[in-house]
Amino acid sequence: MTSMQPSADERLRRWRLVLGGEPGAEGTGCVLTGQDAAMDGTLGALYGGARSGGKDRGAGLGASAPSVARWLGDIRTYFPSSVVQVMQRDAIERLGLATLLLEPEMLEAVEADVHLVATLLSLNKAMPETTRETARAVVRKVVEDLEKRLATRTRATLTGALDRSARISRPRHRDIDWDRTIRANLKNYLPEYNTVVPERLVGYGRAARGVKKDVVLCIDQSGSMAASVVHASVFGAVLASMRSIATRLVVFDTAVVDLTDQLDDPVDVLFGTQLGGGTDINRALAYCQSQITRPADTVVVLISDLYEGGIRDEMLKRVAAMKASGVQFVALLALSDEGAPAYDRDHAAALAALGAPAFACTPDLFPEVMAAAIERRPLPIPEA
66 MTSMQPSADE RLRRWRLVLG GEPGAEGTGC VLTGQDAAMD GTLGALYGGA
116 RSGGKDRGAG LGASAPSVAR WLGDIRTYFP SSVVQVMQRD AIERLGLATL
166 LLEPEMLEAV EADVHLVATL LSLNKAMPET TRETARAVVR KVVEDLEKRL
216 ATRTRATLTG ALDRSARISR PRHRDIDWDR TIRANLKNYL PEYNTVVPER
266 LVGYGRAARG VKKDVVLCID QSGSMAASVV HASVFGAVLA SMRSIATRLV
316 VFDTAVVDLT DQLDDPVDVL FGTQLGGGTD INRALAYCQS QITRPADTVV
366 VLISDLYEGG IRDEMLKRVA AMKASGVQFV ALLALSDEGA PAYDRDHAAA
416 LAALGAPAFA CTPDLFPEVM AAAIERRPLP IPEA
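Written out as structure tokens, the structure reads:
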């Protein structure tokens, strides 16, 4: 069954919307009317210059709050949510509209997503009280949507990992880990019977109540890590809700702030961050190292682009010391859907040489990464 191909007129219509410009000026000879003309107007307001040779870039939108508010309403009328979010980000970046988000009426008109939250957090210190509650409501909506998407799977995955990590030497039949049992008894292989005699059983029992693992999330809050800060705060709250995991959340730039006591509300965590500024990974790791009391049962997750403004050699020595003491150390270049940002490749290579490869991690993969760290098995590193 062959797919329907668009007609010649439909192809011209699409090209006209892509190219913009006055009717005929872009070479299609197609004139837009009705809703198509309105859609073209909203695109031209933002991309007009870029779509027509760079002249009058964004001239149809300007920086007037009423006109921007109308434009935001228009794009939500004509385009799906995913496209609206992209256009909003472009408007903020291309036309310098971030300050307009300090007006409550503007915030109520935008489509909330992780990137908008990051922008609001960067404006936090400049935000007047009249805007703050509206901004918190926008951030809370995004956080609650992320929790609905991520929490159930994260808890299920990590609960299973905690159960499997509680190894016992005399397991009940249903708790026998047959893969490990067979490997542990290969010396007892009887070729004449083509079988292995399980002299020693290896199993996993159900994790008893109480704290089984300590997790430290150490988050770089420099501007390039904004989306990662949002996702990490949500995951921190999810982990903190699990009684078997003691979770600590630390954010840093050139200073270090422990936000563990705010983990019951990730919105409070996010408004406790300060995006931007320098980076001192060594100082942050020094603080995290000072909080470790059970190294063999601790997972430290560093989320950073690894641009170190502190003492590089000391940073690497701390990582090596933590690993030598039994800490499971995970280095993530990002925790977002955007992939790896620009990062310090020399520092990434140095961490890999210490047995801590740095890689970008999506929110969907993060539970599997944490489960692997808890069970002390190889991390599921995505292919580059």
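Going by our numbering, the sequence shown opens with residue 66, and the numbers climb by one from there. Quick reminder that beta carbons are idealized off the backbone N, C-alpha and C, glycines included.
When the five nearest sequence neighbours on each side are left out, the beta carbons in the same chain lying within less than 6 Å of the beta carbon of L367 are those of C283 and A396, in order along the chain. No residue range can be given for A177, since it is assigned to no beta strand (DSSP E) and is classified by DSSP as neither H nor E. With 16 or more other Cβ atoms from the protein chains shown falling within 10 Å of its own Cβ, R81 counts as buried.
For the pair E440 and S230, the CB atoms are nearer than the 8 Å cut-off. According to DSSP, V96 shares a beta bridge with no other residue.
The continuous stretches of beta strand (DSSP E) do not include R265, and DSSP gives it neither H nor E. Remark: C-beta atoms of P445 and L430 approach each other more closely than 8 Å.
Taking 8 Å as the cut-off, the beta carbon of L266 is found no closer than this to the beta carbon of I247.
The beta strand (DSSP E) runs lying completely inside the region 332-402 and spanning 3 residues or more are 363-368 and 393-400, given in chain order. Distances from the CA of L314 to each of M307, A320, R141 and A302 were compared; the closest alpha carbon is that of A302. In this structure V392 touches P360 by the C-beta definition: roughly 5 Å separates them, less than 8 Å. The three-state reading of DSSP puts V316 in strand, counting E and B together.
Note that the C-beta distance between L371 and A413 is below 8 Å. Secondary structure of L165 (DSSP, three-state): helix. Excluding residues up to 5 positions away in sequence, V204, V207 and V295 lie with their Cβ nearer than 6 Å to the Cβ of V182 in the same chain. Just so you know, the alpha carbons of S306 and V262 end up roughly 43 Å apart.
L223 sits in a helix when the DSSP states are folded into three classes. Its Cα nearest to that of H180, the residue L211 stands out among L398, K190, L211 and R76.
Here A311 carries a strand assignment [DSSP, helix/strand/coil].
A check of alpha carbon separations from K190 across Q339, T312 and R377 identifies Q339 as the nearest. Its chain contains L111 and L162 as the residues whose beta carbon lies nearer than 6 Å to that of A156, once the 5 sequence neighbours on both sides are disregarded; these appear in chain order. Fewer than three Cβ pairs drawn from the region 140-154 and the region 251-259 lie within less than 8 Å of each other, which leaves the two stretches out of contact. Annotated three-state conformation of A417 is helix, per DSSP. With respect to the 8 Å criterion, A405 and L398 are classified as neighbours on the basis of their beta carbons. The criterion of a C-beta distance shorter than 8 Å is not satisfied by V280 and P331.
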